[in-house]
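Engineer: These protein sequence lines are chains D and Z, in that order. Sequential numbering from 1089 applies to the first sequence in the numbering used here. Sequential numbering from 6 applies to the second sequence in the numbering used here. Would you mind keeping the following structure in view while I ask a few things?
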Amino acid sequence: MSKYVPYVLLAGAAALFPYCVQRVFLHTPIEAEMGTAQKIFYFHVPLAWICMLFAVVCGIAAGIQLSKRSERAEAVAVAAGEMTVLAGLGVLITGPIWGDATWGTPWTGDARQVSTALLWLVFVAYLLVRRYGPSNSERIAAALAIFGAIDVPIIYYAVKIWKTTHPQTGVVGSLPDSMWNTLWVCLLALMMLSVAFVWIRAGQERTASALDRAWIAAESPLPKPA
Amino acid sequence: MRLLRQTWLLARNDLRQEARQLELVLTAGFFTLVVVVMFALAFFGLAADVQRKAIPGMVWLCVAFVGALTLTRVFDREREAATLAALLAAPVDRLAIYLAKLVVTLAILLLCSAIMVPGLGLLFPAAQVFAADPLALIVLMVLGCLGYAAIGTLFAAGLATSSGKNVLLSVILYPLTTPVLLFALVATQRLLDGHPELWNTLAQMAALDVVLVAVGAALFEAVLIGAANPGAPAQARAARAARFAAPPPAPPP
């Protein structure tokens, strides 16, 4: 039964995305100060939340992987790590576009910008270690993911005090309800998509590790029948 | 108490080897000197007030470079002599192994700092402010290097079994150590500026170090045991490689 869940989610996301675009551009008022450039907010912010969420999911799953030696948790950690990198890339592309339109510069060194970029680097390192690491790379990568998840708040705080030497930048102020509601719809669509991707990828990863185990079993010498 | 004694025994063993060969001390120390000279060449023309803003970056970039170099060597010795398995089989707490390697790395890093900071003071007039508050400077260097080494020792141990994977150590190390290095940057800037909240920042760094050492110690065993036996994907890779290298025996008629 559960194998249909990701496809239901994908279908839901496919139906919701056109509605999102229509709602963002036609049925949501234009923000007074930033103008149409602010429309990117409805995709930028949900992507940032998804990025953070899956970073934490990856850290927790990696912790379970190490403590319980659970293959299921390992598959979830890998899939969540990849989703973090993907969503983070989206955030790091949409953020500077928005910043360039509003602040006049794509990179201000704002605490959130820098900490998102650092988080993204940590999880790219996670994927690199998993892919190109030595024979025990899944354990090193798991430790890296746990450190990464713990680092998230510390990085944010560290960048914040580091920024005290730099000028402060304006952030998004209070928004009317109509904008928030549009944001929730976009978040729902992107969340359905990302959960479906993680689900499918985790299943694929479990199949791959089952195949690995089959190879080991096939190559290990069997006791000779008497 | 037992843990401390075991840590001291293991660390003394490494330090004694180091005292006999001086390999790390000389190479890392000379590397520090080279980096300082490179900084001097790159930033020679900076005005005094700009220098003061650039010096924290130089100090901690240098620590980051020297640290990555030192950490690859700290476990290389175990790999070359194939003593990692013996170390794991020895009747010592695994935590003691982590702490001992941490102590050795910290000792080397501090030694390099003792070359770097006076060197920077010699080449950049703005760095001479460091001499005004030696206590704060020493606390700052110890805390910064400790946090860096706490993360570094963990991952260097994990990568210890494989040669030629040193790039990966830097790939892991630099993003993960940014929080502690950022704190160190701020503290160094405050030291140079004579900022009143300097000790406040140092206290926060100490708290961060406690967290990093605790997490490193908690994860060390899992990572190090993984270093001794390869995981399923690696075994499967080896099995596949073996199968494709030699065709399977023909089935009996």
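In this text, a Cβ means the ideal position worked out from N, Cα and C, and glycines have one as well.
Please work out which residues of its chain come closer than 8 Å, Cβ to Cβ, to residue 50 of chain Z, disregarding the five sequence neighbours upstream and downstream, and give them in chain order.
Structural biologist: Closer than 8 Å at the Cβ level, and outside the excluded window around residue 50 of chain Z, lies no residue.
Engineer: Ordered along the chain, which non-local residues of its own chain (more than five positions away) have a Cβ less than 7 Å from that of residue 1214 of chain D?
Structural biologist: Once the five neighbours on either side are set aside, the close Cβ partners of residue 1214 of chain D are 1169, 1229, 1232, 1233 and 1236.
Engineer: Write down the C-beta distance between residue 218 of chain Z and residue 155 of chain Z rounded to the nearest angstrom, noting that I regard them as a contact closer than 8 Å.
Structural biologist: Yes, residue 218 of chain Z and residue 155 of chain Z are in contact; Cβ-Cβ is about 5 Å, under 8 Å.
Engineer: Can you tell me which residues form a DSSP beta bridge with residue 1119 of chain D?
Structural biologist: D/1123, per the DSSP bridge assignment.
Engineer: Thinking just about the alpha-carbon of each residue, which of D/1290, D/1279, D/1106 and D/1216 is nearest to the one in residue 173 of chain Z?
Structural biologist: Looking at the Cα atoms, D/1216 is the closest of the given residues.
Engineer: Here's a check: name, in chain order, each residue in its chain whose Cβ is nearer than 7 Å to the Cβ of residue 1116 of chain D, leaving out the five neighbours to either side.
Structural biologist: Taken in chain order, the residues that qualify are 1266, 1267 and 1270.
Engineer: Skipping 5 residues on each side, what residues in its chain have a beta carbon closer than 6 Å to that of residue 197 of chain Z?
Structural biologist: Excluding residues within five positions, the ones whose Cβ falls inside 6 Å are 57 and 134.
Engineer: Strictly below 8 Å CB to CB, what residues from chain Z border residue 1179 of chain D?
Structural biologist: Correct list: empty, because the minimum Cβ distance to chain Z is about 16 Å.
Engineer: Is it buried or exposed, residue 129 of chain Z, if we count other Cβ atoms within 10 angstroms and call 16 or more buried?
Structural biologist: It is buried - the Cβ of residue 129 of chain Z has at least 16 other Cβ atoms within 10 Å.
Engineer: Would you check if the stretch 1092-1104 of chain D and the stretch 1273-1285 of chain D touch, i.e. whether three or more CB-CB distances between them fall below 8 Å?
Structural biologist: Yes, the stretch 1273-1285 of chain D is in contact with the stretch 1092-1104 of chain D.
Engineer: Just reading off the alpha helix (DSSP H) that residue 1242 of chain D is part of, what are its end residues?
Structural biologist: Residues 1225-1250.
Engineer: For chain D, is any of its Cβ atoms less than 8 Å away from the one on residue 60 of chain Z?
Structural biologist: Not an interface residue.
Engineer: Any residues in the stretch 1145-1179 of chain D with a beta carbon nearer than 7 Å to a beta carbon of chain Z? Which ones, in chain order?
Structural biologist: Those residues of the stretch 1145-1179 of chain D that come within reach of chain Z (Cβ to Cβ, closer than 7 Å) are 1154.
Engineer: What residues from the stretch 174-199 of chain Z come within 7 Å of chain D, judged by C-beta to C-beta, listed N to C?
Structural biologist: Under the 7 Å Cβ criterion, the stretch 174-199 of chain Z contributes 176, 177, 180, 181, 183, 184, 187, 188, 190, 191 and 194.
Engineer: Roughly how far, in whole angstroms, is the beta-carbon of residue 1244 of chain D from the beta-carbon of residue 1199 of chain D, given that I think they are within contact range, below 8 Å?
Structural biologist: Right, the Cβ-Cβ distance comes to about 6 Å (below 8 Å), so this counts as a contact.
Engineer: Using 8 Å as the threshold, is the C-beta distance between residue 16 of chain Z and residue 109 of chain Z below it?
Structural biologist: A contact, by the Cβ cut-off of 8 Å.
Engineer: Is it buried or exposed for residue 1124 of chain D, if we count other Cβ within 10 angstroms and need 16 for buried?
Structural biologist: Residue 1124 of chain D comes out exposed.
Engineer: May I have the straight-line CA-CA distance separating residue 225 of chain Z from residue 159 of chain Z, to the nearest angstrom?
Structural biologist: The straight-line gap from Cα to Cα measures roughly 6 Å.
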